[in-house]
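Here UniProt numbering is used: the first residue of the sequence shown is 1, the next is one more, and so on.
Here the structure comes first, spelled out in structure tokens, and everything after it is commentary.
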Amino acid sequence: MEFQNGKSIFLQIADTITDKVVSGEFPAGEKIPSVRELASEMGVNPNTIMRTYSELQTMKIIENQRGIGYFVNPDAQQIILKSKREDFFNKVLPEVLKQADLLGITSSELKKHLDNINSAS
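Right under this line is the structure:
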């Protein structure tokens, strides 16, 4: 995995895991890789993965079953989608609208382009 500057590595790994949960690669109720397995796979220190898993537990995305491992919370997908939607509407969309305003793009132009994108998908 290639890491970006400007965002903590443990948060970038958490994003990767949440993407895998949403895509179904890590299904609800299923065991995820151990701390050592994931650290080896990602080429990072196990402490970084422990920090990632701790963050995901706080977010209620994963659960630790002592002595067995970490498992995807049955409600994880809904929790992630709700959080990502909130981020989109509160952070991403306002920035897009700000840029559109700076460029003189009207709401009708935006709607036309969104309709074109949706019809092409």
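Where a beta carbon is used, it is the ideal one built from N, C-alpha and C, also for glycine.
- Per DSSP, asparagine 5 lies in no alpha helix (DSSP H) segment and is marked neither H nor E.
- If the five residues before and after valine 35 are omitted, its C-beta is found closer than 7 Å to the C-beta atoms of Pro46, Ile49, Met50 and Tyr53, all from its own chain and listed in chain order.
- Nearest to glycine 43 by alpha-carbon distance, out of Ser108, Gln77, Phe3 and Ser107, is Phe3.
- Secondary structure note for isoleucine 117: its alpha helix (DSSP H) is the uninterrupted segment 107-120.
- Counting the other CB atoms within 10 Å of its CB gives isoleucine 13 a total of 16 or more, which places it among the buried residues.
- For asparagine 47, the enclosing alpha helix (DSSP H) begins and ends at 46-58.
- Three or more pairs of CB atoms, one per stretch, sit closer than 8 Å, so the segment 77-85 contacts the segment 57-64.
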